[in-house]
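Participant: Protein chains in written order, with this note's numbering: chain L, 975 to 1245; chain Z, 3 to 125. Provided herewith is a single structure, encoded as structure tokens, for subsequent inquiry.
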Amino acid sequence: VTKAQAPAATKAAADGVLTCVFAVCRTGDPAALARAPGHRGGGSVGLLELGGPLRAVTQDVPSSLFAEDALRSRLEDSAELEACVRTHHAVVTAAAAAGPVVPLPLATLFTEAGRAREALTGKRPQFTAVLDRVEGCAEWAVKVYTTQHGAGPTGSDPAEHTGSGRAYLTRVRERERDRHARQDAALTSAARVHEAVSRLAVDSVRRRPHGTGITGRDRVQVMNGAYLVTHARTAEMTSLVTAMRDDPEHGLDIEATGPWAPYSFTGGASL
Amino acid sequence: MTYRDISAATPYGTAPVTTSLADILERVLDKGIVIAGDIKIDLLDIELLTIRLRLFISSVETARKAGIDWWETDPALSSRAARRAVDEENQQLRERVAELERKHEQELDASPAPRRARREVSR
């Protein structure tokens, strides 16, 4: 039944090499890419012509590490997964230094360069549209966290603990109300941050906030935004973020990182 | 504080090793233009990735809609002092309930009271 797939699989196994694609760009800088580390055990990172000015950023990688079973078991390993993800990111970042890029998903693999070219040229109009949109821009990440100050426990006065059940219920209700009020205030401030940064951006996306499994139990992330900002407005954006962070009225911890390759603006649904 | 001085960032400068893995993962795994490669691994089948992805999702996102406490680490409840206060309150409530029950039973024992009175007591 699987005879049709057999030749390609056999060939890959025999050659021991697969083609990994990281991103699509225009022209590119071969020298800079050749210096990028690339995946372990692979060849040097290079460019694959896709017709016209379009190029794919590719690397030959050993099938002993990247064939389906091998890759699957490596991605189940924490250290291997992290290395793989960081390498992908490093190559995409190196490509982005030379001009607009469309980052591709992790582990986009073909049995040979010809197959990669065939599949990618079929998407040329989409690539061109995204490249036009992100040209001259970078992605910036802005995250908002609540700060811990103030808001001590209510009803901690021992004298308040005696009394009727009704008094107890009142205290519980007040505590709930206070908490909701604080949460609403934090969300409103976060939305204001998002709106302010969005006004300076070409495009923006609100990602799912990270859970406390990532941020730590003492930091609640209430906003996780990604913004596509032109290089010309970057300074304006950074001073805006700094001003909002220092504004005591917001009472929020705001973190901004970048520039990122435009991962969040390649036309797909956000995570 | 993890705030990075963004004004000092160089365009696409050497990505620091300290760049949050979570930030990279959520971007790298994001579905952009998906090219069906020859080797297909559904990344969501990778258990480790699924666990990591679950970590992204904040309680802020969904829990409140369901009416549960979405603020896992509410400042008012996060300190030990606050937990102690809740524990104390619980203890006091238990004592109060026990006291009321005792009283209730005593009154029932003392008087084969008409129904109405009983209801008064049990309120």
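Where is the CB? At the ideal position from N, CA and C, for every residue including glycine. Please read all numbers here as calculations on a predicted model, not as lab measurements.
Restricting to Cα atoms, I'd like to know which of L:Glu1229, L:Ala1235, L:Val998 is closest to Gln1100 of chain L.
Facilitator: Among L:Glu1229, L:Ala1235, L:Val998, the Cα nearest to that of Gln1100 of chain L belongs to L:Val998.
Participant: With contact counted as at least three CB pairs below 8 Å, one residue from each stretch, are the stretch 1110 to 1118 of chain L and the stretch 1198 to 1210 of chain L in contact?
Facilitator: Yes, since at least three Cβ pairs between the stretch 1110 to 1118 of chain L and the stretch 1198 to 1210 of chain L fall closer than 8 Å, the two stretches touch.
Participant: If the cut is a Cβ gap below 8 Å, which residues of chain Z does Tyr1201 of chain L touch?
Facilitator: Going along chain Z, no residue has its Cβ under 8 Å from Tyr1201 of chain L, so there is no contact; the nearest lies around 12 Å.
Participant: Anything in the stretch 96 to 107 of chain Z with a Cβ closer than 8 Å to a Cβ of chain L? List those residues in chain order, please.
Facilitator: From the stretch 96 to 107 of chain Z, only Arg98 have a Cβ closer than 8 Å to chain L.
Participant: What did DSSP end up calling Ile48 of chain Z once you bin it into helix, strand or coil?
Facilitator: Of the three classes helix, strand and coil, the one that applies to Ile48 of chain Z here is coil, per DSSP.
Participant: When the Cα of Tyr1119 of chain L is compared with those of L:Ala1164, L:Leu1202, L:Pro1079, which residue comes out closest?
Facilitator: Measuring from the Cα of Tyr1119 of chain L, the nearest candidate turns out to be L:Ala1164.
Participant: Relative to the C-alpha of Ser1037 of chain L, which residue among L:Arg1014, L:Ala1170, L:Leu1055, L:Val1059 is closest?
Facilitator: Ser1037 of chain L has its Cα closest to that of L:Arg1014, out of L:Arg1014, L:Ala1170, L:Leu1055, L:Val1059.
Participant: Starting from the beta carbon of Thr1085 of chain L, find every residue of chain Z whose beta carbon is closer than 7 Å, and list them in chain order.
Facilitator: Within 7 Å Cβ-Cβ: Asp40.
Participant: In this structure, how does DSSP classify Val1118 of chain L when only helix, strand and coil are distinguished?
Facilitator: DSSP places Val1118 of chain L in strand when its eight states are reduced to three.
Participant: Considering only the alpha carbon of each residue, which of L:Ala1057, L:Cys994, L:Pro1004 lies closest to Ile26 of chain Z?
Facilitator: Nearest of L:Ala1057, L:Cys994, L:Pro1004 to Ile26 of chain Z, Cα basis: L:Ala1057.
Participant: Taking the beta carbon of Lys105 of chain Z as the centre, do at least 16 other beta carbons fall within 10 Å, making it buried, or is it exposed?
Facilitator: Exposed is the call here.
Participant: What in chain Z is Cβ-close to Val1059 of chain L, meaning under 9 Å?
Facilitator: Per Cβ cutoff of 9 Å: Leu23, Ile26, Leu27, Val30, Leu31.
Participant: Mind listing the chain Z neighbours of Thr1162 of chain L? Cutoff is C-beta to C-beta under 8 Å, in chain order.
Facilitator: Result: empty, since nearest Cβ-Cβ is about 13 Å, beyond 8 Å.
Participant: Would you kindly work out how many angstroms separate the C-alpha atoms of Arg1048 of chain L and Ala1081 of chain L, rounded to a whole number?
Facilitator: Taking the straight line from one Cα to the other gives about 12 Å.
Participant: Anyone know if the C-beta pair for Asp1034 of chain L and Gly1017 of chain L falls short of 7 Å?
Facilitator: It is a contact, given that the beta carbons lie within the stated cut-off.
Participant: According to the neighbour-count rule (16 or more other Cβ atoms, all chains shown, within 10 Å of its Cβ), is Thr52 of chain Z buried or exposed?
Facilitator: Burial call: exposed.
Participant: Val1076 of chain L to Ala1005 of chain L, Cα distance in whole Å?
Facilitator: Distance between the alpha carbons of Val1076 of chain L and Ala1005 of chain L: 19 Å.
Participant: Please report whether the beta-carbon of Ile53 of chain Z lies at a distance below 7 Å from any beta-carbon of chain L.
Facilitator: Not closer than 7 Å to any Cβ of chain L, the Cβ of Ile53 of chain Z fails to qualify, so no.
Participant: Please report the distance separating the alpha-carbon of Leu55 of chain Z from that of Ala24 of chain Z.
Facilitator: Looking at the two C-alpha atoms, the distance is approximately 9 Å.
Participant: Give the residues of chain L in contact with Glu49 of chain Z, contact being defined as C-beta atoms less than 8 Å apart.
Facilitator: Simply Glu1050.
Participant: Kindly give me the distance between the Cβ atoms of Leu57 of chain Z and Gly1185 of chain L, rounded to whole angstroms, as I take these residues to be in contact under 8 Å.
Facilitator: Indeed they touch by this definition, with Cβ atoms about 5 Å apart.
Participant: Determine, for Leu110 of chain Z, whether the minimum Cβ-Cβ distance to residues of chain L falls below 7 Å.
Facilitator: So no, Leu110 of chain Z is outside the interface.
Participant: Going by DSSP, name the residue or residues bridged to Gln929 of chain L.
Facilitator: Nothing about residue 929 of chain L can be read from this structure; chain L reaches only from 975 to 1245.
Participant: Of all the CB atoms in chain L, is at least one closer than 7 Å to the CB of Gly69 of chain Z?
Facilitator: Here the model assigns Gly69 of chain Z a pLDDT of 42, short of 50, so the residue's position is not dependable and the matter cannot be decided.
Participant: Got a sec, what are the start and stop residues for the alpha helix (DSSP H) Phe1101 of chain L sits in?
Facilitator: It spans 1098 to 1108 - the alpha helix (DSSP H) in which Phe1101 of chain L sits, taken as one unbroken run.
Participant: Which residues share a DSSP beta bridge with Arg1000 of chain L?
Facilitator: Arg1000 of chain L is bridged to L:Leu1028.
Participant: Would you mind reading off the limits of the beta strand (DSSP E) that contains Ile1228 of chain L?
Facilitator: 1226 to 1234 is the span of the beta strand (DSSP E), which, as asked, contains Ile1228 of chain L.
Participant: Could you tell me whether the Cβ atoms of Val995 of chain L and Leu1105 of chain L are closer together than 7 Å?
Facilitator: Not a contact, by the Cβ cut-off of 7 Å.
Participant: Have a look at Glu109 of chain Z and Glu101 of chain Z and give me their C-alpha separation to the nearest angstrom.
Facilitator: Rounded to whole angstroms, Glu109 of chain Z to Glu101 of chain Z spans 12 Å at the Cα level.
Participant: Note down, one range per segment and in chain order, each beta strand (DSSP E) of at least 3 residues found wholly within the stretch 1165 to 1195 of chain L.
Facilitator: Qualifying beta strand (DSSP E) stretches, in chain order: 1177 to 1181.
Participant: Should Gly1185 of chain L be flagged as near chain Z, meaning a C-beta pair shorter than 7 Å?
Facilitator: Chain Z contact via Cβ: present.
Participant: Can you name the start and end residues of the beta strand (DSSP E) that Gly1073 of chain L belongs to?
Facilitator: Run containing Gly1073 of chain L: none; DSSP gives neither H nor E here.
Participant: Check each residue of the stretch 1076 to 1104 of chain L: if its Cβ is closer than 9 Å to any Cβ of chain Z, include it; give the result in chain order.
Facilitator: Result list: Val1076, Pro1077, Leu1078, Pro1079, Leu1080, Ala1081, Thr1082, Leu1083, Phe1084, Thr1085, Glu1086, Arg1089, Ala1090, Ala1093, Leu1094, Gly1096, Lys1097, Gln1100, Phe1101, Val1104.
Participant: Name the residues in the stretch 1017 to 1050 of chain L whose C-beta lies less than 8 Å from a C-beta of chain Z; which are they?
Facilitator: The residues in question are Phe1040, Ala1041, Glu1042, Leu1045, Arg1046, Leu1049, Glu1050.
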